């Protein structure tokens, strides 16, 4: 048989498990990306290639403008070298980003190497700075915060040094020289072999790179935080589901124990009395017909009461109607015995041949229903044990004492003259202790000082709450 676990997609008797993706609020686009993850890769590659093509055009115009100003010699291969390096960097960066989810740190290292090579060979960074920001975003999503910031700092230092050392065409140059400046047919005003070193212009590229890396790291850390929070909520939901299932199992176990206790009280007590009554009626049939008729009448009454108690217990197993109450004609209290008069209970055992003496039965019991029920059940259990395990006992006694704080019940016998043939189910004393414990009381059971058996039960009158005693 397959068992269900909390946190699995479905659990028997419970709602489907909550997943981390269900916790996160998803837009239409995010749901599309979750359903088709390859669309994110395609969109990113297309975006990088598009930016690479557009910025390569700006870089081309920048080189032409710088040539017109005399920063590059006419006919110099700088133009072709810059454009080719710019486009190659965009293409290689887009391909490397395809593996950013599986190997984020490795992709970041590869893009850093590509950025250094592009600066060393063509003196341009191109869109590789944006690719590095995207790779750092993936690192922040899938690695710890310390790892992400360490990777970002390393990338910034290495690429900034390369920019400071080699870069000729960067953000500042694109903004300043992207428009071609015509100077007529004469030679350039400043015939230079190349643009001179400018810390101001190269600082623009470093600041842009820093902003991109910080943006990538922060957004990745935010995504990671949301995922961790959603995962924690899913785990908490699974833990609550397991706790709910455990509580339900404990409740079912307690209900089974209660039903077993009630069935024991009904079957064992009533049947034991009925057997004794039938034996007495059979033995007195010829010599005392009137006593035999009384025993048979008591036997019939006991059987009817046992059936009523059985219906009461079984009625508690039926589902409650939609209106919220028990069905018409059903019992109002599934644990209440049919007989609640202690005098009547004692007389039944006397009719079964048990010489019972009583003390204090006229004492009024507290109005607490659970306490009155416990007293009736305990007296019935104690006298049934005497009838079953001490047959032929010369005397048995029931004493009831009530004070302002407690109710004390004592059942004693002088010991049987014959060996009891009924070994029992060993539920009698267990049921007594369970009932007394529910009310905050205790049970003392053992051999009496003068022989026989003695059971003493003490229960406080201010015991557990009514809801706990049901």
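Residue numbers (full-length UniProt numbering): 1 to 470.
Glycine included, every Cβ here is placed at the ideal spot set by N, Cα and C.
All figures in this text were calculated on a predicted structure; none of them were measured in a lab.
Query	Result
Backbone CA spacing between residue 375 and residue 287 [nearest angstrom]	37 Å
Residues near residue 346 by beta carbon distance below 8 Å, same chain, minus five either side	356, 358, 361, 379, 383, 398
Closest Cα partner of residue 147 within the set 217, 63, 310	217
Euclidean distance between Cα positions of residue 513 and residue 449	Any property of residue 513 remains undetermined from this structure, which presents the chain solely from 1 to 470.
Supposed close pair residue 396, residue 351 - CB separation, criterion 8 Å	Not really, about 14 Å apart at Cβ, beyond 8 Å.
Beta-ladder partner(s) of residue 401, from DSSP	408
Run of the alpha helix (DSSP H) containing residue 350, from where it starts to where it stops	342-351
CB contact below 8 Å: residue 257 versus chain C	This model lacks chain C altogether; it includes just one protein chain.
CA nearest to the CA of residue 221, picked from 126, 134, 130, 235	134
Cut-off 6 Å between Cβ atoms - residues of its own chain near residue 45, not counting five sequence neighbours on either side	94
Nearest residue (CA-CA) to residue 111, options 102, 78, 80, 155	155
Residue 104 burial status per 10 Å Cβ neighbour count (16 or more: buried)	buried
CA nearest to the CA of residue 366, picked from 401, 390, 388	401
Cutoff 6 Å; reference residue 411; Cβ partners in own chain excluding five residues on either side	382, 398, 455
Simplified DSSP assignment, three categories, for residue 99	coil
Endpoints, beta strand (DSSP E) assigned at residue 445	442-447
Of the listed residues 54, 212, 203, nearest to residue 132 (C-alpha basis)	212
Runs of alpha helix (DSSP H) lying entirely within the segment 356-400, each at least 4 residues, in chain order	369-389
Residue 388 vs residue 272 beta-carbon contact at 8 Å	yes
Collapsed DSSP secondary structure at residue 479 in the structure displayed	No information on residue 479 is available, as it lies outside the stretch 1 to 470 that the chain covers here.
Residue nearest to residue 293 in terms of C-alpha spacing, selected from 152, 243, 371, 277	277
Alpha-carbon to alpha-carbon, residue 127 and residue 55	8 Å
Rounded separation between residue 433 and residue 232 - CA only	43 Å
Test item: CB-CB of residue 162 and residue 99 under 8 Å	no
Whole-angstrom distance between residue 446 and residue 452, CA atom to CA atom	9 Å
Close beta carbons around residue 210, own chain, < 7 Å, minus the five adjacent residues each side	156
Rounded distance between the beta-carbons of residue 170 and residue 125, thought under 8 Å	7 Å
For residue 416 and residue 391, the rounded distance between their alpha carbons	5 Å
Identity of the residue in 370, 107, 206 nearest residue 441 by Cα	370
Through-space distance from residue 89 to residue 53, alpha-carbon basis	11 Å
Reduced DSSP category for residue 289 - H, G, I as helix; E, B as strand; rest coil	helix
Own chain partners of residue 458 with C-beta closer than 7 Å, once the 5 adjacent residues on each side are dropped	406, 408, 441, 442
Beta-carbon gap between residue 51 and residue 91 smaller than 8 Å	no
Exposed unless 16 or more other CB atoms sit within 10 angstroms - verdict on residue 137	buried
Which listed residue (149, 246, 202, 165) has its alpha carbon closest to that of residue 214	149
6 Å Cβ shell around residue 123 - same chain, five flanking residues per side excluded	166, 167, 168
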